[in-house]
Amino acid sequence: MELMRKLEILADAAKYDASCASSGAQRKDSRTGKGVGSTGGMGICHSYTPDGRCVSLLKVLLTNSCLYDCHYCINRRSSDVQRARFTPEEVVQLTLDFYKRNYIEGLFLSSGIVRNADHTMEQVIEVARQLREVHDFRGYIHLKTIPEASQALIDKAGTYADRISINIELPTQASLDQLAPEKNIANTKVAMNGIRARIDEVQDARKQARRIMGRPRAKPPTFATGQSTQMIVGADTSSDSVVLHRADELYRDHRLRRVYYGGFSPIPAPSVILPIKPPPLVREHRLYQADWLLRFYGFGVSELVPQSHPDLDLELDPKLSWALRNRALFPVDINRAPRDLLWRVPGLGTVNVERILSARRFSRLHLADLQRMRVSLKKVMPFIMTADHRPRVATLENDHLRLQFLPGPRQLEFDFNPKASATAADALMVRSGQL
Ligand code: SF4
93 MELMRKLEIL ADAAKYDASC ASSGAQRKDS RTGKGVGSTG GMGICHSYTP DGRCVSLLKV
153 LLTNSCLYDC HYCINRRSSD VQRARFTPEE VVQLTLDFYK RNYIEGLFLS SGIVRNADHT
213 MEQVIEVARQ LREVHDFRGY IHLKTIPEAS QALIDKAGTY ADRISINIEL PTQASLDQLA
273 PEKNIANTKV AMNGIRARID EVQDARKQAR RIMGRPRAKP PTFATGQSTQ MIVGADTSSD
333 SVVLHRADEL YRDHRLRRVY YGGFSPIPAP SVILPIKPPP LVREHRLYQA DWLLRFYGFG
393 VSELVPQSHP DLDLELDPKL SWALRNRALF PVDINRAPRD LLWRVPGLGT VNVERILSAR
453 RFSRLHLADL QRMRVSLKKV MPFIMTADHR PRVATLENDH LRLQFLPGPR QLEFDFNPKA
513 SATAADALMV RSGQL
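Counting from 93, one number per residue, gives the positions in the sequence shown under our numbering.
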């Protein structure tokens, strides 16, 4: 098969993996005269490196043939799609060609499972090895690893990659049994634990190497700087509570850098046990917002999705929704409240909280001060007290408060790009201190 035809098939087959930001989604094309640039074609997508740079990646599968039969996957054994397979040398050549032409700065490589997990992993590693050792490639490499592969091979993948990931796919073993019968959460956790131990080991060795002064330093070992995973949302009946509890466990026990939430998207010729419709895109967005609150704002999962509300409110962001359920904690005094309470005020992000903490050391803050910090007064006023403002208790108790924040119908149907949200929106939110 011609190389370009293989690239078409294998880049298209890779687009369902959300652990890499924009997934080569089609956007405005400069050729149409509207906008500049295009993300479509050839599987070029964007991701963020550990130091925060946005890089373009060639996102492909080594092969879309697979021994497994995961119902939600277009590459499953029983799927009637055209199959293709790259040799490691072909992927190396494509990566180098695209890199030299400045199309990409790195590679995101995944694969269907052929022959067995170890054989597939060896092929994936061979691509990274040739790039690093034969061609001295310094670009970004993200490798998708297979939990059933031997630990030695996963370790080897980590020595060549900047980021490695293992997809957990679904939040419970019961869902996997139903939709991906060959997959096992216990195996995935063992593999994640192995990666975590190796990352810790290498980081310790690096610290120690830095501490040894005045002696020739041995070159510290290299290993990927982090691991991530993906969970598919909406293919099974798991609630947001189940999804977020699993994500929280992965962050705490396996120190994952990121959990990506991929809204299930119907595939051509789907399995009959799958839902016909995808979940609303806004569900994925709410999960990313909740994930952010768990990692950076000190929220617990059961605060965001208590037993009485196992699913996130699709109409309101999770922090606002939590605040409306906990009105007794408000209004919060901007001039006295501790940092962790300020973090919980809807409309205040971490950046603005730091500004407030440093400004209030010199004078009592008024609404105008918050406005100068570009805080949205409309959003925060019902929840805060300042030197010149105190909301009437009746405002907080008023049921109209929720109505006040409900988006218009158009906003709920917003043109949300789920793949881009994973990282690009996060980066924007960090910068602007939203949430
Ligand atoms: S193992 Fe991966 S590629 Fe194979 S069917 Fe399952 S999800 Fe698809």
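Each residue gets a CB set at the ideal place from its N, CA and C atoms; glycine is no exception. For clarity, every value in this text was computed on a predicted model and none was experimentally measured.
Residue i Cβ short of 7 Å to ligand 1 heavy atom set
{"i": "D269", "result": "no"}
{"i": "Y160", "result": "yes"}
{"i": "I246", "result": "no"}
{"i": "C137", "result": "no"}
{"i": "G204", "result": "yes"}
{"i": "N167", "result": "yes"}
{"i": "A420", "result": "no"}
{"i": "A272", "result": "yes"}
Euclidean distance between Cα positions of residue i and residue j
{"i": "V522", "j": "Y389", "result": "No answer about V522 holds up, because its pLDDT of 35 lies below 50 and its placement is not dependable."}
{"i": "M473", "j": "D461", "result": "13 Å"}
{"i": "P499", "j": "D409", "result": "10 Å"}
{"i": "R447", "j": "P263", "result": "38 Å"}
{"i": "R168", "j": "D161", "result": "5 Å"}
{"i": "L102", "j": "L373", "result": "25 Å"}
{"i": "L608", "j": "R387", "result": "Since the first residue of the chain shown is 93 and the last is 527, residue 608 is not available in this structure."}
{"i": "N208", "j": "N156", "result": "14 Å"}
{"i": "S330", "j": "F454", "result": "49 Å"}
{"i": "D292", "j": "R428", "result": "39 Å"}
{"i": "N444", "j": "D425", "result": "15 Å"}
{"i": "G133", "j": "A382", "result": "With a pLDDT of 48 at G133, under the threshold of 50, the predicted position of this residue should be treated as unreliable, and no value is reported."}
{"i": "H337", "j": "A266", "result": "15 Å"}
{"i": "L199", "j": "G231", "result": "8 Å"}
{"i": "V147", "j": "H377", "result": "22 Å"}
{"i": "S114", "j": "R298", "result": "With a pLDDT of 42 at S114, under the threshold of 50, the predicted position of this residue should be treated as unreliable, though the coordinate-derived value follows. Approximately 33 Å between the Cα atoms of the pair."}
{"i": "K511", "j": "L379", "result": "Because K511 carries a pLDDT of 41, less than 50, the predicted location of this residue cannot be relied on, and the following value inherits that uncertainty. For K511 and L379, the distance between alpha carbons rounds to 13 Å."}
{"i": "A451", "j": "H234", "result": "42 Å"}
{"i": "R193", "j": "V364", "result": "44 Å"}
{"i": "D210", "j": "Q300", "result": "33 Å"}
{"i": "I196", "j": "R375", "result": "31 Å"}
{"i": "S400", "j": "R417", "result": "11 Å"}
Distance between beta carbons of residue j and residue i, contact taken as under 8 Å
{"i": "R324", "j": "M284", "result": "The sequence given here places Ile at residue 324; Arg does not occur at that position. I324 to M284, Cβ: 17 Å. No contact."}
{"i": "A272", "j": "E261", "result": "6 Å"}
{"i": "I256", "j": "Q295", "result": "Contact doesn't hold; Cβ gap of about 15 Å is too wide."}
{"i": "K471", "j": "P430", "result": "About 21 Å; that fails the 8 Å criterion."}
{"i": "F475", "j": "P423", "result": "6 Å"}
{"i": "Q322", "j": "G286", "result": "That belief does not hold up - the Cβ atoms of Q322 and G286 are roughly 19 Å apart, past 8 Å."}
{"i": "S202", "j": "L153", "result": "5 Å"}
{"i": "G355", "j": "G326", "result": "6 Å"}
{"i": "F190", "j": "K98", "result": "Contact doesn't hold; Cβ gap of about 14 Å is too wide."}
Residue closest to residue i, alpha-carbon to alpha-carbon, out of the options
{"i": "I205", "options": "M477, L386, I238, V282", "result": "I238"}
{"i": "R288", "options": "A415, T317, H337", "result": "T317"}
{"i": "E218", "options": "V183, R349, N276", "result": "V183"}
{"i": "H346", "options": "H211, L457, R290", "result": "R290"}
{"i": "P483", "options": "R193, R436, F178, R419", "result": "R419"}
{"i": "S547", "options": "P430, A106, E395", "result": "No answer is possible for residue 547: it lies beyond the span of the chain, which begins at 93 and ends at 527."}
{"i": "L268", "options": "K470, Y164, D254", "result": "Y164"}
{"i": "P360", "options": "R97, M465, A105, K98", "result": "A105"}
{"i": "Q496", "options": "E407, F422, R452", "result": "E407"}
{"i": "W33", "options": "D340, D403, H481", "result": "Because the chain in this structure spans residues 93 to 527, residue 33 falls outside the shown range and cannot be described."}
{"i": "P62", "options": "G286, P358, E376", "result": "Since the first and last residues shown for the chain are 93 and 527, residue 62 lies out of range."}
{"i": "R456", "options": "L223, T280, A479", "result": "A479"}
{"i": "K107", "options": "L149, M96, L416", "result": "L149"}
{"i": "D332", "options": "P398, W435, F315", "result": "P398"}
{"i": "Q270", "options": "M213, L366, K299", "result": "L366"}
{"i": "L223", "options": "E240, T251, T280, A244", "result": "T251"}
{"i": "L368", "options": "D405, Y353, V335, D328", "result": "What sits at residue 368 in the sequence shown is Ile, not Leu. Comparing Cα-Cα distances from I368 to each of D405, Y353, V335, D328, the minimum goes to D328."}
{"i": "S405", "options": "D228, R221, R494", "result": "The amino acid occupying residue 405 in the given sequence is Asp; Ser does not appear at that position. Checked all of D228, R221, R494; the closest Cα to D405 is R494."}
{"i": "L95", "options": "R466, M213, S171, P180", "result": "P180"}
{"i": "R349", "options": "L99, Q463, D254", "result": "D254"}
Strand pairing of residue i, partner residues [DSSP]
{"i": "V472", "result": "In DSSP, V472 forms no bridge with anything."}
{"i": "L235", "result": "L201, I256"}
{"i": "D425", "result": "M477"}
{"i": "V325", "result": "G355"}
{"i": "E261", "result": "M323"}
{"i": "G286", "result": "Answer by DSSP bridge pairing: none, since G286 is not bridged."}
{"i": "T155", "result": "R177"}
{"i": "Y390", "result": "The sequence shown places Gly at residue 390, not Tyr. Paired residues: none, contrary to the question."}
{"i": "R350", "result": "S320"}
Any non-hydrogen atom of ligand 2 closer than 7 Å to residue i Cβ
{"i": "P362", "result": "Ligand 2 is absent from the structure shown, which contains only ligand 1."}
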